[in-house]
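Asker: Structure in structure tokens, see below.
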Amino acid sequence: MDKFTTHTGIGVPLRRSNVDTDQIIPAVYLKRVTKTGFDDALFAAWRGNEDFILNQDAYKAGSVLVAGPDFGTGSSREHAVWALKDYGFRVVLASRFADIFRGNSGKQGLLTGVVAPENIEQLWKLLESEPGVEITVSLEDRTVTCGSFTCEFEIDDYVRWRLMEGLDDISLTLQHEDAITAFEAKRDAWRPKTLPAKTLPPEPVEPARPVELTVGAQIPVRDN
Amino acid sequence: MGTTLAEKLWQDHLVVKGEDGAPDLIYIDLHMCHEVTSPQAFEGLRLAGRDVRRKDLTIATEDHNTPTLDIDRPIADTTSRIQVDTLRSNAREFGVRIHSLGDADQGVVHVVGPQLGLTMPGMTVVCGDSHTSTHGAFGSLAFGIGTSEVEHVLATQTLPLKPFKTMAINVNGELPEGSTAKDIILAIIAKIGTGGGQGYVLEYRGEAIRKLSMEARMTICNMSIEAGARAGLIAPDATTFEYVKGRPHAPEGAEWDAAVEYWSTLKTDEDAVFDETVELNASDLEPFVTWGTNPGQGLPLSASVPNPAEIADENDRVAAERALEYMGLTAGTPLKEIAIDTVFLGSCTNGRIEDLRAAASVIQGRTKASGLRMMVVPGSARVRLQAEAEGLDRVFKEFGAEWRNAGCSMCLGMNPDQLRPQERSASTSNRNFEGRQGKGGRTHLVSPLVAAATAVRGTLSSPADLDDAVPAAVDAA
């Protein structure tokens, strides 16, 4: 993983709360077996709307996303992080993040900084009044700077250290291999093992067939 | 001071205590994999020349993008087929147990684990799926992880984690007839919000929880993530032990006795202190439905679509305005007047046998609303077989519902089971996000009882709204 110290790039104001991972990348785009090639899928449903922020020329090359609270809720899909990174984002700033999304970001070198709501509001105003303006995020100082405005962001000390050093979690854990082996030696006998496999007796599963109303059948959608 | 259940489970799985701000290293008892979040993890192992450390604590099943029709034919969608084939070849290469499409033990990973008796109290359970919180119903610490963590667990059988905060959710009183576990959890999420549980393990406690069956407890813990929580827990008791006993992987003989002795200690001490406490009274709880585009936007079924102008918090107001626009709803419309196109019964939230029985008991002898589509997707192939043995499949088919094979299906619309733009569903699943069930699709989250009654009336309804008295019991086959 590349070391992260400071990043400067175009800020993108995303004035939405509860941006869930289904919005960041809809499930139909999760079928790749690689970690790249997800850039087109980022915010796929919203990008169909020409007014969407990333469809505006000034913000297209953005790399610092400034979003509303509870960013990254929902599904654990790490594809959300890959899609943001593939698009070119290096930093997401919000006043609150969903836990799993935040964990996934840290593993992939995407910086998630927690910024106070009033400072998010200030950043939104700055980015909207001067579209395409750059933001500098210093992980070393834990600060966000946009023009003459500077505020702090919060990040877990350990995650910050790992990002700055560009360290990989598995190698760090394997330094404790002896402790893991010792722990395994004293596990209780009742704890289940998947192998050898035990099941109820096998039974044939009848394949369901399409009936008169299949998915996609043209039933009119009702008005409400 | 005593400790909470979550803290005990943490202590019992602590391999290395983190120092100087480093996370603790936690041992993982069971790792479940599926086709969507595992390919890049196996690829990572391969590139680093690593093996799966504990194949005997790992299991894979195909669920997220498998079809629910024609499962004996090649998967039509090429990218889905590649993903499923990739899981199969990874399982073969690394020696991981897999239950593939067509196998009686295939199904949604969170239905399959408990059904095989692989989920039991006192464990740590992870899966690259946020609804892994389901397994907390057994008194295990169970949580969803991302693909990097999937690779980490495959390689090391551990995870570096910072301790979670603890929140008690006391659900007191007796749940009225017609209200279910789904209504409890939707009410909790509406109360604390989609971010209310962030950083916490929720422990569900109180009279109403103790009276729930294991499957109902799984429904509650399943949706902990929709409140933003890392995990949800319910202390194990006789109901739990009874459910586990006799399942294929349940301990036997002296091991069973040792397990029960340990499991019986798994409860929060009387003098333990939670970081946060929430109270909910179950005795006046009505069936709950969502009206918006996140699971916290829910109301009792007798309410009306809210007016965003009356919402004080600016973020919530803007979110509500957007939600009503997306959902095509007008403030003030009674929820019971919202017409539904498709009813989806299934998912890791409500795709178990008790859910199918509950829905069947409502629709039996009744007529489906004209023009409405109902899809029934059992949570696993075993659930489907069990339902067929009980004759429930006939009830659904005679009603005009589609009786499908097992999988995640329309819960997330990765396979062909999707809503069309503007199509409106009443769904027993867990997320009503924009486009979740298909681009432009509109989702109302409901319990199986509400789903069934809605299929009869054609608008969001509970069984109490049906004209003809109390639903008849389903005849045993």
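Chains as they are written, first to last, in my numbering: chain U, 1 to 224; chain Z, 1001 to 1477.
Ideal placement from N, C-alpha and C gives every residue a C-beta, glycine not left out.
Small disclaimer: the values here were computed from a predicted structure and weren't measured.
Looking only at its own chain, which residues have a Cβ that is under 6 angstroms from the Cβ of glutamine 1040/Z, when we skip the five neighbours before and after it?
Answerer: Position 40 of the second sequence, counted from the start, is the residue given in the question as residue 1040/Z. The residues are Thr1147.
Asker: Serine 138/U bridges to which residues according to DSSP?
Answerer: On the first sequence, position 138 is the one that residue 138/U refers to. According to DSSP, which records beta bridges pairwise, serine 138/U is partnered with Thr6/U and Thr143/U.
Asker: Would you give the residue range spanned by the beta strand (DSSP E) that leucine 1030/Z belongs to?
Answerer: As a first step, residue 1030/Z is located in the second sequence; it is residue number 30 there, counting from the start. Here the beta strand (DSSP E) through leucine 1030/Z covers 1030-1033.
Asker: Would a C-beta distance cut-off of 8 angstroms place tyrosine 1326/Z and aspartate 188/U closer than the cut-off?
Answerer: Within the second sequence, residue 1326/Z is the residue found at index 326, counting from 1. Within the first sequence, residue 188/U is the residue found at index 188, counting from 1. No, these two residues do not count as a Cβ contact at 8 angstroms.
Asker: Contact between the segment 1205-1223 of chain Z and the segment 152-162 of chain U: three or more CB pairs below 8 angstroms?
Answerer: no
Asker: Compare the Cα-Cα distances from isoleucine 1363/Z to each of Arg1073/Z, Ala1091/Z, Asn1281/Z and Ala1464/Z and report the closest residue.
Answerer: To locate residue 1363/Z, count along the second sequence from 1; it is residue 363. The candidate whose alpha carbon is nearest that of isoleucine 1363/Z is Ala1464/Z.
Asker: Shorter than 8 angstroms from the beta carbon of arginine 1092/Z to some beta carbon of chain U?
Answerer: For the purposes of this step, residue 1092/Z is taken as the residue at position 92 of the second sequence. Taking Cβ atoms only, chain U never reaches closer than 8 angstroms to arginine 1092/Z, which makes this a no.
Asker: Are the C-beta atoms of asparagine 1350/Z and some chain U residue less than 8 angstroms apart?
Answerer: Taking the second sequence and counting its residues from 1, the one referred to as residue 1350/Z is at position 350. Judged by the 8 angstroms Cβ criterion, asparagine 1350/Z is not in contact with chain U.
Asker: Distance, Cα to Cα, glycine 106/U vs aspartate 168/U?
Answerer: On the first sequence, residue 106/U is found 106 positions in, with the first residue counted as 1. On the first sequence, residue 168/U is found 168 positions in, with the first residue counted as 1. If you take the alpha carbons of glycine 106/U and aspartate 168/U, they lie about 10 angstroms apart.
Asker: Considering only C-alpha positions, which residue in the set Asp1271/Z, Thr1277/Z and Ser1179/Z is nearest to isoleucine 1192/Z?
Answerer: Within the second sequence, residue 1192/Z is the residue found at index 192, counting from 1. Nearest C-alpha to isoleucine 1192/Z: Thr1277/Z.
Asker: Quick one, are the C-beta atoms of asparagine 1432/Z and glycine 1292/Z less than 8 angstroms apart?
Answerer: In the second sequence, counting from the first residue as 1, residue 1432/Z sits at position 432. In the second sequence, counting from the first residue as 1, residue 1292/Z sits at position 292. For asparagine 1432/Z and glycine 1292/Z, yes; Cβs fall inside 8 angstroms.
Asker: In the segment 1394-1405 of chain Z, which residues sit with their C-beta less than 7 angstroms from some C-beta in chain U, listed in chain order?
Answerer: Glu1402, Trp1403, Arg1404 and Asn1405
Asker: Do alanine 1091/Z and alanine 1137/Z have their CB atoms nearer than 8 angstroms?
Answerer: Here the question's residue 1091/Z lines up with position 91 in the second sequence. Here the question's residue 1137/Z lines up with position 137 in the second sequence. Contact: no.
Asker: Do leucine 1335/Z and leucine 1460/Z count as a contact pair if the criterion is CB distance below 8 angstroms?
Answerer: For the purposes of this step, residue 1460/Z is taken as residue 460 along the second sequence, with counting starting at 1. For the purposes of this step, residue 1335/Z is taken as residue 335 along the second sequence, with counting starting at 1. Yes; because the gap between Cβ atoms is below 8 angstroms, this pair is in contact.
Asker: Quick one: is leucine 200/U near chain Z, going by C-beta distance under 8 angstroms?
Answerer: On the first sequence, position 200 is the one that residue 200/U refers to. It does: the Cβ of leucine 200/U has a partner Cβ on chain Z nearer than 8 angstroms.
Asker: Starting from the Cα of valine 1273/Z, find the closest Cα among Ala1426/Z, Glu1203/Z and Ile1338/Z and give me that residue.
Answerer: One-based indexing of the second sequence puts residue 1273/Z at position 273. Out of Ala1426/Z, Glu1203/Z and Ile1338/Z, Glu1203/Z has the C-alpha closest to the C-alpha of valine 1273/Z.
Asker: Using only CA atoms, which one of Ala1258/Z, Lys1267/Z, Ala1254/Z and Pro1251/Z lies nearest to aspartate 1237/Z?
Answerer: Locating residue 1237/Z in the second sequence gives position 237, counting from the first residue. Considering only alpha carbons, the answer is Lys1267/Z.
Asker: Under three-state DSSP, which class holds threonine 1443/Z?
Answerer: By 1-based counting over the second sequence, the position of residue 1443/Z is 443. Residue state, collapsed to three classes: strand.
Asker: Since threonine 1068/Z and asparagine 1415/Z are thought to touch, with beta carbons under 8 angstroms apart, how far apart are those beta carbons, to the nearest angstrom?
Answerer: By one-based count along the second sequence, residue 1068/Z stands at place 68. By one-based count along the second sequence, residue 1415/Z stands at place 415. 7 angstroms between Cβ atoms; contact.
Asker: With a cut-off of 8 angstroms, does the C-beta of aspartate 141/U fall near any C-beta of chain Z?
Answerer: Position 141 of the first sequence holds residue 141/U. Not closer than 8 angstroms to any Cβ of chain Z, the Cβ of aspartate 141/U fails to qualify, so no.
Asker: If you draw a straight line from the alpha carbon of aspartate 230/U to that of threonine 36/U, how long is it in whole angstroms?
Answerer: Because chain U is modelled from 1 through 224, residue 230/U falls outside the range shown and cannot be assessed.
Asker: Provide the residue(s) that pair with glycine 1298/Z in DSSP beta bridges, ordered along the chain.
Answerer: Taking the first residue of the second sequence as position 1, residue 1298/Z is located at position 298. Thr1290/Z.
Asker: Spell out whether any CB of chain Z is found under 8 angstroms from the CB atom of serine 17/U.
Answerer: The sequence position of residue 17/U within the first sequence is 17, counting from 1. Closer than 8 angstroms to some Cβ of chain Z, the Cβ of serine 17/U qualifies, so yes.
Asker: Residue range of the alpha helix (DSSP H) that leucine 172/U falls in?
Answerer: Here residue 172/U refers to the residue found at position 172 of the first sequence. Where leucine 172/U is concerned, the enclosing alpha helix (DSSP H) stretches over 169-174.
Asker: I'd like the list of long-range same chain contacts for phenylalanine 1396/Z, defined as Cβ closer than 7 angstroms, with 5 residues on each side in sequence excluded.
Answerer: Reading the second sequence from its first residue, position 396 is the one you call residue 1396/Z. Counting only Cβ-Cβ distances below 7 angstroms, and skipping sequence neighbours, we find Ala1360, Val1376 and Trp1403.
Asker: Pairs of beta-carbons, one from the segment 1086-1100 of chain Z and one from the segment 1438-1458 of chain Z, closer than 8 angstroms: are there three or more?
Answerer: no
Asker: Rounded to the nearest angstrom, how far is the Cβ of alanine 116/U from that of glycine 1228/Z, given a contact under 8 angstroms?
Answerer: As a first step, residue 116/U must be located in the first sequence, where it is residue number 116. As a first step, residue 1228/Z must be located in the second sequence, where it is residue number 228. Alanine 116/U to glycine 1228/Z, Cβ: 19 angstroms. No contact.
Asker: Taking the alpha carbon of aspartate 1024/Z as the point to measure from, which residue in Pro1163/Z, Met1120/Z and Gly1246/Z has its own alpha carbon closest?
Answerer: The count along the second sequence starts at 1 and reaches residue 1024/Z at position 24. Comparing Cα-Cα distances from aspartate 1024/Z to each of Pro1163/Z, Met1120/Z and Gly1246/Z, the minimum goes to Pro1163/Z.
Asker: Taking the continuous alpha helix (DSSP H) assigned at serine 1148/Z, which residues delimit it?
Answerer: Numbered from 1 along the second sequence, position 148 holds the residue referred to as residue 1148/Z. Taken as a continuous stretch (DSSP letters only), the alpha helix (DSSP H) holding serine 1148/Z covers 1147-1156.
Asker: What does alanine 1455/Z reach in chain U if we use C-beta pairs closer than 7 angstroms?
Answerer: Indexing the second sequence from 1 puts residue 1455/Z at position 455. Those within 7 angstroms of alanine 1455/Z in chain U number zero; the least Cβ separation is about 13 angstroms.
Asker: Report, in whole angstroms, the separation of the C-beta atoms of valine 92/U and alanine 61/U, which I expect to be a contact under 8 angstroms.
Answerer: Walking along the first sequence from the start, residue 92/U turns up at place 92. Walking along the first sequence from the start, residue 61/U turns up at place 61. About 16 angstroms separates the two Cβ atoms, so there is no contact after all.
Asker: Check the Cβ-Cβ distances between asparagine 1315/Z and every residue of chain U, and say whether any is below 8 angstroms.
Answerer: Position 315 of the second sequence, counting from 1, holds the residue named residue 1315/Z. Chain U, which has a Cβ nearer than 8 angstroms to the Cβ of asparagine 1315/Z, makes this yes.
Asker: Report the rounded CA-to-CA distance for cysteine 151/U versus tyrosine 87/U, giving the unit in angstroms.
Answerer: Indexing the first sequence from 1 puts residue 151/U at position 151. Indexing the first sequence from 1 puts residue 87/U at position 87. Their Cα atoms are separated by approximately 26 angstroms.
Asker: Which residues bound the alpha helix (DSSP H) around glycine 103/U?
Answerer: To locate residue 103/U, count along the first sequence from 1; it is residue 103. Taken as a continuous stretch (DSSP letters only), the alpha helix (DSSP H) holding glycine 103/U covers 99-108.
Asker: Note down, in chain order, all residues in the segment 172-191 of chain U with a beta-carbon under 9 angstroms from any beta-carbon belonging to chain Z.
Answerer: Leu172, Thr173, Leu174, His176, Glu177, Ala179, Ile180, Ala182, Phe183, Glu184, Arg187, Asp188, Ala189, Trp190 and Arg191
Asker: Which residue's Cα is closest to the Cα of glycine 1332/Z: Ile1311/Z, Gly1400/Z, Asp1284/Z and Ser1304/Z?
Answerer: For the purposes of this step, residue 1332/Z is taken as residue 332 along the second sequence, with counting starting at 1. The shortest Cα separation from glycine 1332/Z among Ile1311/Z, Gly1400/Z, Asp1284/Z and Ser1304/Z belongs to Ser1304/Z.
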